[in-house]
Structure formats: C-alpha cells, structure tokens
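Residue numbers (our numbering), protein chains in the order written: chain A, 1 to 436; chain B, 437 to 872.
The beta carbon of each residue, even a glycine, is placed where N, CA and C say it ideally should be.
2 protein chains.
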Amino acid sequence: MVGQSGGPTAVINQSLAGVVQEALQHDAIEGIYGARNGVEGVLREDFVDLRAQGKYVMEEVAQTPSAGLGSCRFKPKEDDCKEIFKIFEKHNVRYFFYIGGNDSALATGIINKIAQEQNYDLHVFHCPKTIDNDLLVTDHCPGYGSAAKYVAQAFMGNDLDNRSIPGIKIDVVMGRNAGWLTAASALARVNEGDGPHMICLPERSYTVKEFVEQIEKIYAANKRALISVSEGLADADGNVWLQSDKVRAELKELEMGVLVDWMDATGKIEDSAGGAKLDAFGHAQLSGSGALADLLASVTKIHMYRKLGKKVRLRADTLGYAQRSFAGCVSEADAQEARESGAFAVRVALSGTKSGSICFRRLPSESGKYLCDVFRAELEDVSGVNFPKGKKQYRPMEDNLIAADKFDVTPEFVQWARPLVGTLAVKGMLLPVAKK
Amino acid sequence: MVGQSGGPTAVINQSLAGVVQEALQHDAIEGIYGARNGVEGVLREDFVDLRAQGKYVMEEVAQTPSAGLGSCRFKPKEDDCKEIFKIFEKHNVRYFFYIGGNDSALATGIINKIAQEQNYDLHVFHCPKTIDNDLLVTDHCPGYGSAAKYVAQAFMGNDLDNRSIPGIKIDVVMGRNAGWLTAASALARVNEGDGPHMICLPERSYTVKEFVEQIEKIYAANKRALISVSEGLADADGNVWLQSDKVRAELKELEMGVLVDWMDATGKIEDSAGGAKLDAFGHAQLSGSGALADLLASVTKIHMYRKLGKKVRLRADTLGYAQRSFAGCVSEADAQEARESGAFAVRVALSGTKSGSICFRRLPSESGKYLCDVFRAELEDVSGVNFPKGKKQYRPMEDNLIAADKFDVTPEFVQWARPLVGTLAVKGMLLPVAKK
C-alpha cells in the first residue's frame, strides 16, 4: 500500500512511480495498491490498483506534478491506527509506504509505533517530499530541487523585467519555517548586478525600519531593486509580520498607522468567514493570500515616497502555488532522486527492515561533481518526535549559508543548491558595446 | 535603429534578433543600433552596437525573456519627435523599428506622421508584442503564445493541486482590457472534470452575487472549484471591481460591509504613498498587487461559510509577472513568429515601403494544420488612432469565443488558441481501477 500526504510537489509522483516500479519486480508482493488521499483513503478503503495501470500511464503520471493519488492533511490517532490495521489485515497489507513531509513522517511514525504495540506485522516507510526542504537528517529532500528551479527561473524573469523597466519589485516565496526555497532565488543571478539584491529569511528577524532602509540603500546604488522575501518573514519574537504586535507598534511609530488600520480590516474579514484557519497539525495559513506582499509593497512605497518626494515604481508578487505544482518545470536531478527514494524504500522494506525514512547524503568528490547516495534513517529522527520539547522539529538553514548582514545567502549556499535544480533557462545579455 | 517598448514578453528579444539577423544581410544597412529603453534611449543617444554582438550573444539574448535593450512607457510629443529626427540625422538613421504593443504602435505612428510633416526621410515600422493579445488587425500577437502557455501550465498545476487537496482556488490573470490570456487557462483542461471550472473575462460584467453563486454551484457539483478571473473583472458600468461603487454598494447589501472597510483601508494606503498611479498613457495599475485576488477570496469565503456553516478551504493567487517574463516557458510557435515579424519588417522596409505594422493572418487549411502568414498593415489601423472617439483602440475577444453564460470560453476559442502555445506539459492521471 502506498499513499501521498501533505502539500504536493512537482515530483511526488516520481516517488510513487519508484515504489510501483520496484514493487513490480518482487514476486513476494501480490498486489500494489494506492490509497486515495493518504491515510483518509485507507480508512474509507478507497484504493486504486497500481498494478493495473500499465507502464505508459505510470510514466505519464510520474511526469505530472501534484499527488496523483490525492493528498490529505490528517494526523492519525491511536483509534485510527487500530482501524487502519483491521483494514490492512483484511487486504493482507504488510508493506506501507507513505510519501510526504514532516507531518507525514510523524504520521508514519505513529502508525509504526502502534503496529508494534498491537503486534501487527507491518513494514512502514516514509518517502520524503517537501518543497520547503525542512526535513531533518537528509541533505535535501525530493520536491525541493524542482520548486527551487521554479523560484530561480521566476526570479530570473523578474530580474530581467525589473532591469527592463526599473523600479522596486518584491517577491514573496513559500517556506513557513525554513528559508531554503527563498534562498534559491539567489540562483537567478547570472550577470553582474543581477537580482535578487536582498533576501530575507525566516531564520532571521527583521524590523520594518531595517527592511525599508536596506531597500532604500539598494535602490540608491542600483536605481532598481529586486527583493526576495520568505512568507515566514518574522519579528524578533518569531511572529510572522502579519500577526506581529511588534510590527504594528513599529508601523505606528513610523507614522504608518494607515497600514495598521489595513491589517485590522484584513483581520476582521477572517472573523466574518469563520475565524483564522489552522490545519490539523496546528499550522496557520500563510500561502494563498497576497496580504504579506501587499503589506511589504505598501510599507516600502510610503517610505520611498517620503524619502524621495516622488513615487517609485513598486510591485509585489506572491509566487503562489505555481512554486509547488507548475506543470513544466522539473529539475532532472530532483525527478531522478524522487524516483530513487521510492524504489529504495521498497528494496529496504523487502530486505526485512521494518521501518525507516529515506534520506540523501552527499559524497565528497575531488572534482566537485555532484554525487549523492541514498540511505535509510530512523523514522523518529526524521519526524523529530523524540526531540526535547521546544526544540525545532524541522531543519532551518545552517548559519554558514546565511550572510552575516542577514540580507543575503552565502556562496556556500549557492554551491550546495546549484546541482539540485538541474538545467536552468538561458539568461543572455547584450554586450555593452556603444555605437562608435 | 531598433527599440523595445512597453511591458516585456518572453519573446520580445526574438523580434529583436529577427531585425538584427535580417539587417545583417543587407549591404544598404551600414550600422545596426539598439536604443536603450526605447524612445527614451534615442533622446539621450544611448545606443548599443548590435552588429558588434556576435551571433552567439544574439542567440542567447533571443532565448531570454524581457526586453534586452530595456523598455519604456513614453508617449513622444511633437517636440520629442523633432529632437529624435535631429539625433537620427546626426547618426544617419533612416530605418526605425519599434517593438511594442498598442501604445508603441501609437508612438510609432506619431513618429511616422511627424517625419512626413518635417520631410525627414524615414522608414518606420512597428513590430508587435503583447502578452494581452489585444492588438487590432492581427490574428494574434507575438508574446501571447508564450504567456498563454505559462497560464495554461500554471492552471494545469493548480488544477492538479486542487484535485489533490480539494477546496476552492481562484487565480487572477493579467489582461487589462481583453480576456485572451485569462481565456488561455481553458487550455489546462486535459482529463474529464479538469478545471478551470469558471472563467470570468473583462469582455463581460459580473455582479458579486453572480460571481459567488456560480462558484457555489460548481463546488456543490464537484466538491472543488478552480476559478480563472481576469484582472480586468468589471461591473456593469465597466469599472474594475476594486474601483467600483456598484461593487461597494452590493457588498453592503450582501452584509459584507467588512470588505468595504477593507477596500477603504486599501485606498487610504495609496493616498499615503503619493496617490493612485496612472502611467504615461493614462492606464491605472492593476498588476503587481494581490488585492483583487484577496477580495475575491474573501467574498467567496464569507459566502460559502454562510451557506455551508463551515469553512471551505479557499486560496487565491495572482499569477503575477511570471506570466510575461518567467524564464523557461516559451512557445516554440511564438518564438518563431516573433523572430519572423522582426525579419519581415526589415525586408518590407528595405523594399521601399515607408511605414507599417507587422501582422499575422491564418490561412484556411483542409487538414486543420496551423498555417499562418505574415503581412504588413497600416500603422494607423493597428494603433486605432483614426477610430471614431469612444471606440475601443484594442481588440476584445469576439462574441463567438465566449460562452453564452459568460462563465467560460467556447470550443472555438480553444481551437484558435491551441496551436499558439506549442507543446504543453504532460498531465497524466491514474486509471480509476479499484482494488478487486
């Protein structure tokens, strides 16, 4: 049985295809079933026969972004697990592969733990996927490379656009807790002076004053500015800007009360629609709204207008769901590794190992060539469930990847990320040969 | 002399390469110069030697989105033109190619008219580019096909995403006056039940009530909904929603005053930053803000909450500048035609014709194969400058392309648009074979 869970990626179906492809080669496996919408589909016995799909269909699905089986955001409890095992027993399911992110590793761990307690003979494996790259243990995670490629190419385009019609452009990038995806915007830099000229990560905190003054400096030097900001942009308390009392207080101090009124008005809309949304795992909704980008644009617009006494061309985009599911932007390396992780999980499970999460490890290479191996880690180490309370259950960017002034990444980050995104689009530039 | 003007596209540099490639083959042409930032660069004599670029650089630039020479939004007046001719005379410029959209056709027409009045011997040609496809005369316009491909693939991804985690997703698409680009979202439909399930175009008007009730109907039937909306979404008076008194009045009537407060709060921010922005041609800024998408999400969220008594998963994205400049999403047909239009303009100019705009015309074909010819039209017919006052100077979608219920396009539109976007990404789907 295989299922998919959490937010989709461009290559989550490659992992599915990897599981199926490998499982087809083992006589011990009598049937290969896909659970629709992850654990929810297990509970309602909604299964797809993956053996019956045929190679052509599976290969088409593998190339298609988003979860082909459908996804869910469901955290199984002990009673759910008992029900799951009843259903598994009925269909003689002894191998379960769950493709997903942090929360899915947690769910897989719960299922594994209760299977052991209940003495249900089950091999349970977590196949990693996330565009955020915030999974513990692994060097990087399938799904990240393709999302990073999308972000890099979106910033390439935005940089060229901003060069062509100068002004200030702010782009908000996905990644709630970790800045890996926002950092990938740095890969858009090809020619001298290329943006992004400033990168704000959730691993650091920013005041409104710091934010606008840094942009002011960049604009003064370049006559344009392309800014990359994580949706997890936070204040010194770790609160995201839209929900930050510190930001509100600072806006008032900066005589931008008009923005506090707007934030209040925005909050009241949520109240009229049933209140702020938290998912089953307790995360607030940050994506699917342009509010942060609009706030950043407004703050900057007012600041620059006051400084220069005239309007600066200012635009802000929220890169949106295209980051995780745009059709037609896949990193070759990412697709291959996603496939590999699914196939490897099946091989490890069939070798007799009862549980684990599939991870990647870079090998040192004299030539600098990208070489990456795959290995099994303990479920608990990846989900972080055994961590001391209060310790982060996800992987933030390490300090050596973030510039000391907190407004950029380091060359080490670019070196780490570059092989993961595969081929990037061409970014040509006319030679500055003036008419003689 | 060649220049680029207006909003960039993915293939505007292909047109530039077409001009250069053709000009290089004619001995009569002694120099090939690019004006940086269009007419602005002419006025400040900021030229790039395009002959000195070399083939490799030009081909790299051709594959690069956005205006390699830099762009502008500048409407030349009579005095500017006199200045332009002085500079042209100084450098012996007798051929001028201006790559741009409606406003650039207008600018080219002004330069042509004043050249004639001033007896300055000049060949002036407009090479079309626009992602909006709203140019008069031509069947379609270079730049549209690639933007339409981006929109189609973004909607493919959003549809798969929405299938995988059901809810309501609203995407706002560029296109101020005409719905061509929004309509291209229909090309994302591959499998049964695929979205977008509703398409709102600027050629029609919509009340808030119509909008939310249509979504309610779709959601009831499909348990999910993917909605495509033009940034030019307008009320019955032709005013865009964010600036519509009718929409405000209706929101109050629907007891959604909280949204009117939010619209007021948004308006006040603009006042603090120097007032609402109009460009040199008098157009209001619609892009580069998530406000419309957030308004539509909020209206729908409140409506659905009241109808169902529970929250529906609701997200909205504004597709943003990636539509016109994402690096790595180019329609092959579009790239070829953009190149062709530049080269053809040079050939027509060198044959002695004094002015014109390059257009495309589809040929009837028995097999259904896409066959398209290129021809010269009068500048004035393309810019619409001679139109009676009040008549639209751009091309809206024709009635036969819009569904009678105004919430979709017709099969005729899909047939018209499909060849323009070239190859589309794969959208595979698992066969619904249940476990036996």
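{"Check": "For TYR150 (chain A) and GLN336 (chain A), which I take to be in contact (beta-carbon distance under 8 angstroms), what is that distance rounded to the nearest angstrom?", "Outcome": "The pair is not a contact, with the Cβ atoms about 17 angstroms apart (cut-off 8 angstroms)."}
{"Check": "Using the Cα positions of CYS127 (chain A) and TYR33 (chain A), report the straight-line distance between them to the nearest angstrom.", "Outcome": "16 angstroms"}
{"Check": "In terms of alpha-carbon separation, which member of B:VAL475, B:ILE535, B:THR500, B:TRP616 lies closest to PHE510 (chain B)?", "Outcome": "B:VAL475"}
{"Check": "If you compare alpha carbons, which of B:LEU799, B:VAL683, B:LEU807 is closest to VAL648 (chain B)?", "Outcome": "B:VAL683"}
{"Check": "In three-state DSSP terms, what is TYR655 (chain B)?", "Outcome": "helix"}
{"Check": "List the whole-angstrom C-beta distance separating GLY504 (chain B) from VAL497 (chain B), where the pair is believed to meet the contact cut-off of C-beta under 8 angstroms.", "Outcome": "5 angstroms"}
{"Check": "Compute the minimum distance between the beta carbon of TRP852 (chain B) and the heavy atoms of the ligand HEM, and state whether it is under 7 angstroms.", "Outcome": "Only the bare structure without any ligand can be found here, which leaves the ligand HEM out of the picture."}
{"Check": "Classify LEU714 (chain B) as buried or exposed, calling it buried when 16 or more other Cβ atoms lie within 10 Å of its own Cβ.", "Outcome": "Low local confidence applies: a pLDDT of 48 at LEU714 (chain B) is under 50, so the model's placement there is unreliable, with the coordinate-based value given in what follows. Answer is exposed; the Cβ neighbour count stays below 16."}
{"Check": "Given a cut-off of 8 angstroms on the beta-carbon distance, is the pair PRO632 (chain B) and ALA620 (chain B) in contact?", "Outcome": "no"}
{"Check": "For SER761 (chain B), which residues in chain A fall below 7 angstroms Cβ to Cβ?", "Outcome": "GLY157, ASN158, LEU160, ASP161"}
{"Check": "Is it true that the stretch 315 to 332 of chain A meets the stretch 91 to 100 of chain A, where meeting means three or more beta-carbon pairs spaced less than 8 angstroms apart?", "Outcome": "no"}
{"Check": "Select from the stretch 247 to 274 of chain A all residues with a C-beta closer than 7 angstroms to any C-beta belonging to chain B, and list them in chain order.", "Outcome": "VAL258, LEU259, ASP261, TRP262, ALA265, THR266, LYS268, ILE269, SER272, ALA273, GLY274"}
{"Check": "Residue range of the alpha helix (DSSP H) that GLN851 (chain B) falls in?", "Outcome": "847 to 853"}
{"Check": "For chain B, check one thing: does any of its Cβ atoms lie closer than 8 angstroms to the Cβ of ILE302 (chain A)?", "Outcome": "yes"}
{"Check": "Could you tell me whether any Cβ in chain B is nearer than 8 angstroms to the Cβ of VAL433 (chain A)?", "Outcome": "yes"}
{"Check": "Does the beta carbon of PHE96 (chain A) sit closer than 8 angstroms to a beta carbon anywhere in chain B?", "Outcome": "no"}
{"Check": "If you compare alpha carbons, which of B:GLY536, B:ALA446, B:LEU486, B:TRP677 is closest to SER819 (chain B)?", "Outcome": "B:GLY536"}
{"Check": "Answer with buried or exposed for PHE125 (chain A), where buried requires no fewer than 16 other C-beta atoms within 10 angstroms of its C-beta.", "Outcome": "buried"}
{"Check": "In whole angstroms, what is the alpha-carbon distance linking THR643 (chain B) and LEU860 (chain B)?", "Outcome": "34 angstroms"}
{"Check": "To the nearest angstrom, report how far apart ASP408 (chain A) and LYS77 (chain A) are at their CA atoms.", "Outcome": "42 angstroms"}
{"Check": "In or out: GLN118 (chain A) buried (at least 16 other Cβ within 10 Å) or exposed?", "Outcome": "exposed"}
{"Check": "So what's GLN4 (chain A) in DSSP terms, helix, strand or just coil?", "Outcome": "strand"}
{"Check": "Pull up the distance between the alpha-carbon of ALA221 (chain A) and that of PRO411 (chain A), whole angstroms please.", "Outcome": "22 angstroms"}
{"Check": "Grab the span of the beta strand (DSSP E) containing TYR531 (chain B) for me, first residue to last.", "Outcome": "531 to 536"}
{"Check": "Would you report the Cα separation of VAL190 (chain A) and ASP707 (chain B), rounded to the nearest angstrom?", "Outcome": "38 angstroms"}
{"Check": "What first and last residue would you give for the beta strand (DSSP E) that runs through CYS636 (chain B)?", "Outcome": "634 to 636"}
{"Check": "Within the same chain, show all residues whose beta-carbon is closer than 6 angstroms to that of ASN426 (chain B), passing over the 5 residues directly before and after it, in chain order.", "Outcome": "Outside the shown range of chain B, which is 437 to 872, sits residue 426 (chain B), and nothing can be said about it."}
{"Check": "Please report the Cβ distance between SER787 (chain B) and LEU815 (chain B), rounded to the nearest whole angstrom; I am assuming they are in contact, meaning their Cβ atoms lie under 8 angstroms.", "Outcome": "Actually they are not in contact, since the Cβ atoms of SER787 (chain B) and LEU815 (chain B) sit about 17 angstroms apart, beyond 8 angstroms."}
{"Check": "Residues in its own chain within less than 6 angstroms of ARG204 (chain A) by CB, not counting five upstream and five downstream?", "Outcome": "LYS406"}
{"Check": "Output yes or no for whether 8 angstroms exceeds the beta carbon distance between CYS226 (chain A) and ASP159 (chain A).", "Outcome": "The amino acid occupying residue 226 (chain A) in the given sequence is Leu; Cys does not appear at that position. For LEU226 (chain A) and ASP159 (chain A), yes; Cβs fall inside 8 angstroms."}
{"Check": "Given this structure, state the Cα-to-Cα distance separating PRO364 (chain A) from SER331 (chain A), to the nearest angstrom.", "Outcome": "22 angstroms"}
{"Check": "Given this structure, state the Cα-to-Cα distance separating MET692 (chain B) from ASN239 (chain A), to the nearest angstrom.", "Outcome": "29 angstroms"}
{"Check": "Consult DSSP for THR618 (chain B) and reduce its assignment to one of helix, strand or coil.", "Outcome": "helix"}
{"Check": "With burial defined as no fewer than 16 other Cβ atoms inside 10 Å of the residue's Cβ, what is the status of ALA249 (chain A): buried or exposed?", "Outcome": "exposed"}
{"Check": "Between which two residues does the alpha helix (DSSP H) containing PHE85 (chain A) stretch?", "Outcome": "78 to 90"}
{"Check": "Given a threshold of 16 other Cβ atoms within 10 Å of its Cβ, counted over all protein chains shown, does LEU371 (chain A) qualify as buried or as exposed?", "Outcome": "exposed"}
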